[in-house]
Amino acid sequence: EAGVAQSPRYKIIEKRQSVAFWCNPISGHATLYWYQQILGQGPKLLIQFQNNGVVDDSQLPKDRFSAERLKGVDSTLKIQPAKLEDSAVYLCASSSTSGGPYEQFFGPGTRLTVL
Amino acid sequence: GENVEQHPSTLSVQEGDSAVIKCTYSDSASNYFPWYKQELGKRPQLIIDIRSNVGEKKDQRIAVTLNKTAKHFSLHITETQPEDSAVYFCAASWGNQFYFGTGTSLTVIP
Chain R
72 EAGVAQSPRY KIIEKRQSVA FWCNPISGHA TLYWYQQILG QGPKLLIQFQ
122 NNGVVDDSQL PKDRFSAERL KGVDSTLKIQ PAKLEDSAVY LCASSSTSGG
172 PYEQFFGPGT RLTVL
Chain F
0 GENVEQHPST LSVQEGDSAV IKCTYSDSAS NYFPWYKQEL GKRPQLIIDI
50 RSNVGEKKDQ RIAVTLNKTA KHFSLHITET QPEDSAVYFC AASWGNQFYF
100 GTGTSLTVIP
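Same order as they appear, the protein sequences are chains R and F.
In short: position in the first sequence from 1, add 71, done, that's the numbering used here.
For the record, in the second sequence the residue sitting at position 7 is 6 according to the numbering used here, with numbers rising by one throughout.
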């Protein structure tokens, strides 16, 4: 089965610019996650979708970060304006909701550098 | 919410020796405990998992143990090899919500 796809793989921007990341989950997976992974740390959940609804966005900095999953499949994560501390790898993951517990599959990530 | 603690943060072992990484969790509702291996610049990959109705699971050189009463679980790697060098993350999950540990950087010295 095809894995989780993400683009771009790398992005370099200057602070105060905006950036968007795209994720395509595994076909049929209803749950989609966006994580931020700062170097040397574990993944930190930013937002979790169930189909096109938000399950958890408690750690999403909503003044600058936004995410959507309009048709319950692909998702985009946007940062506007970016800060230096946003430099990290942004990981998308998906999991099925049939049966359970639910194994989570990760995409390759987008490495963001904010200068 | 769930809080997952992971120790040690770094671990160096000689090739052929065993490595043990420990995690604790706080939410007794958590019922699924995956372990991920992340090589430099790559995505986390699931290497083994355990569900709350099982106390131990083994897959070749890798094993995981779970103590529900004490709320801790451990990853055991035997006969370590240089290719085991990576960062390992534990996670605790309930439903489809996942909480990750802070990671253990394992170095296997040839």
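Positions of the beta carbon are idealized from the N, C-alpha and C atoms, including for glycine.
Item, Value
"Interface partners of F/Asn95 on chain R, CB under 7 angstroms", "Thr102, Ser166, Thr168, Tyr173"
"Assigned secondary structure, F/Asp83 (DSSP; H/G/I helix, E/B strand, else coil)", "helix"
"Beta bridge counterpart(s) of F/Pro33 as assigned by DSSP", "F/Asp48"
"Per-residue DSSP class, three states only, for R/Leu183", "strand"
"Distance between beta carbons of R/Val75 and R/Gly178, contact taken as under 8 angstroms", "4 angstroms"
"Distance CB(F/Thr103)-CB(F/Ser17) smaller than 9 angstroms", "no"
"Nearest-angstrom Cβ-Cβ length linking R/Lys115 and R/Gln130, presumed shorter than 8 angstroms", "6 angstroms"
"Cutoff 6 angstroms; reference R/Pro96; Cβ partners in own chain excluding five residues on either side", "Val75, Leu103, Ser165"
"Sufficient close CB pairs (3 or more, under 8 angstroms) joining the segment 93–107 of chain F to the segment 109–129 of chain R", "yes"
"Whether F/Lys70 touches F/Tyr24 by CB criterion (9 angstroms)", "yes"
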